[in-house]
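In terms of the working numbering, the sequence shown has 521 at position 33, counting the first letter as 1, and numbering is strictly consecutive. Glycine residues also receive a C-beta, built at the ideal position from the N, C-alpha and C atoms. Computed from a predicted structure; not experimentally measured. Reading through the structure tokens given below for one structure.
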Amino acid sequence: MNPDKQHRKLVRLKLKAEECLTREQAQKIIRKADKAHRKLSEGHNKVA
């Protein structure tokens, strides 16, 4: 798991979230963002 990749993914998702028009799109973006956050926190816990 590469933290830089997850941070880039979160930035892209933020841009998509600002442009989304439907509830379904928003929910999909939220699920992906939650997954990226979870990967970042798991990686942080393994290092500590």
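| What residues in its chain sit with their C-beta under 6 Å from that of Arg-519, if we drop five residues either side in the sequence? | Cβ within range, chain order: n/a, list empty.
| request: Count the other C-beta atoms from every protein chain shown that fall within 10 angstroms of the C-beta of Leu-501, then say buried if there are 16 or more, exposed otherwise. | output: Buried, by the Cβ-count rule.
| request: With Leu-501 as the anchor, note down where its alpha helix (DSSP H) starts and where it stops. | output: From DSSP, the alpha helix (DSSP H) with Leu-501 extends over 491-507.
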